[in-house]
Each structure stands twice: as structure tokens, then as C-alpha cells.
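Numbering (my numbering), first residue to last: 1 to 269.
Where a beta carbon is used, it is the ideal one built from N, C-alpha and C, also for glycine.
As the structure is a prediction and not an experimental result, all values here were calculated from the model.
The structure under discussion appears below in the form of C-alpha cells.
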């Protein structure tokens, strides 16, 4: 349709330049990059809420504030662990009795790692974690504990030299992976399995440079390995070569050999 030449149009609508825009029937406010309308419009400003010391404290529990808290945990973790020497993360059950063979194995592994120049990183709790920290401490090595806030408070065991407590599991798991050159997994429960399969998934998907994952205790881990081979791989849910992502052993000397081989530059292998 051809106009007379006196009409000016913009956009895709019929409105003419110069016509008053219709008045909105709802309240609207711009809050930085965020646009809010209707019931989302509050009566206070951001500065007012910042400076008002008598206001509510609900903001402490909102998702935007949690993002800052999460960021702060990453910053604190990176800052505290950035200058660690080569390290190995040791996982295992918090319920391992002090007088058990598994605890003794944890102490021996922690000691061997420290004597080889590794820092030992654990979840900082009791049981197998305490055992590895204890062995590292006894050998004069650096014993690290990465604790987690839980409903049942555990606290860091007394053998931790450098300890951090986290609110968020995913931040803590990042620290386990980022600063370790290998994982040694002692018998453990759901938390240990979570950490184990997290590590295997990262290696399998090449999200991290491959590092050794060592399951210590063939009697304990044998059933899981059989299930992986006879069910997971047999039904095509994983490839046969995925079984090569981890090692199973009962010998501390073999643990150290596997770690040493992985540590050597490719030109030396």
C-alpha cells in the first residue's frame, strides 16, 4: 500500500511517529540489566537495601548470594592449594575402624606417598581418610584435608596440616581433581564411589589429562569390577578398554610403581 508521503512508519506496526505511546497498565522497573514488571517490582532500591542495616537478612539465602559464596570457595581453595607439591588424593570410608587392616593399609599408603615426595589429599575426616593423613604426617609429608559441611559434623582429623572446609560438594571435588596427579581408592561407601566414578568419568571423557586411578583391596573391589565387566561392558554400556582406566592391587609397592610410571615424561617411557 502506497502512502501519501506525509506518513512516517517505524517497526512493523501502524503507529505514526509523533503519536503518543500508550500508557502501560502495569508498573515496570529496570534493575541493572534486569527488567521487572507487575508484582516483581519492589518498593526499595538496590542501594537502599545495601545501606539499610535494619532491613531483613533474607538476601543472605538467595541464589545470587550463593553464587558469590560458591565463587569465594573456589578462590579460597585455589589460593590455598595452588603451591602444593605433586599430590595424590586418597579416598576411603569414614567408618573404617582404627584397629582394622584397612586402616593400617591407609597409614602405610600415606607414609609411602609422603616418602616419595607427594602431598596426601583426603576428605579430612575419620576412618580411612584419617589413616592416610596420619601416615603422611608420621613421615613428615604434607597432609591435606578437604572437609565438607554435613548435618552430622565430623571436623578435620588431627593429622591434617593444611585443611579447608567446604559447603559445596562440587567445589570440593574440583579441588580433589585439580591438584592430584593420581587417586588411590581404599574400601569405602557411597561417597567413595561418587568420587571414584567422578574421576573415571573425567578421564574417560578426556575432560582431564589422564591420571592413574588405583583401587586398593581386590577382595573389596572385585565384585564391582566383575559387574563392570560382565554387565556394563557386556551390555554395551561401556567399552572394553574403559576397564583399563583403573588398576586394582593389594600391594603398596605396585601403587607407587603405577604412580611413578604416570609421573614420568613421555620421552622416558
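If you draw a straight line from the Cα of residue 208 to the Cα of residue 70, it comes to about 22 Å. Ranked by how close their Cα comes to the Cα of residue 151, the residues 144, 162, 143 and 167 have 167 in first place. Listed in chain order, the non-local C-beta contacts of residue 80 below 8 Å within the same chain comprise 162 and 164, local neighbours out to five positions each way being set aside. 216 is the residue among 245, 239, 240 and 216 whose C-alpha sits nearest the C-alpha of residue 251. Note on residue 102: 16 or more other CB atoms within 10 angstroms of its CB, so buried under the neighbour-count rule. Taking C-alpha positions only, residue 219 is separated from residue 142 by approximately 30 Å. Secondary structure at residue 216: strand, using DSSP grouped into helix, strand and coil. Under the 8 Å Cβ criterion, the stretch 230–239 does not count as touching the stretch 77–96, having fewer than three qualifying pairs.
Ranked by Cα distance from residue 114, the first of 226, 78 and 144 is 144.
Taking 3 residues as the shortest admissible run, the stretch 197–244 contains the following complete beta strand (DSSP E) segments, listed from N- to C-terminal end: 213–216. Relative to residue 104, the option among 82, 117, 130 and 119 whose CA is nearest is 130. Note on geometry: alpha-carbon atoms of residue 200 and residue 25 lie some 57 Å from one another. For residue 127 and residue 95, the gap between their C-alpha atoms comes out near 5 Å. Around the C-beta of residue 72, fewer than 16 other C-beta atoms lie within 10 Å, and the residue is accordingly described as exposed. Close CB contacts of residue 107 within its chain, under the 7 Å cut and outside five residues either way in sequence, are with 131, 134 and 135 (chain order).
Non-local beta-carbon contacts of residue 176 in its own chain, meaning distances under 7 Å to residues more than five positions away in sequence, involve 89, 121, 146 and 195 in chain order. Checking the DSSP bridge columns, you'll see residue 84 has no partner listed. As for any beta strand (DSSP E) of minimum length 3 sitting wholly inside the stretch 97–182, the runs are 119–122, 143–148 and 162–166, ordered along the chain. Straight across, the Cα-Cα distance linking residue 205 with residue 92 is about 24 Å. Between residue 182 and residue 68, the C-beta gap is not smaller than 8 Å, which leaves the two residues out of contact. Annotation: residue 255 is outside any beta strand (DSSP E); the continuous alpha helix (DSSP H) that includes it extends over 252–263. In the three-state reduction of the DSSP assignment, residue 91 falls in the strand class.
In chain order, 167 place their CB closer than 6 Å to the CB of residue 149, counting only its own chain and leaving out the 5 sequence neighbours on each side.
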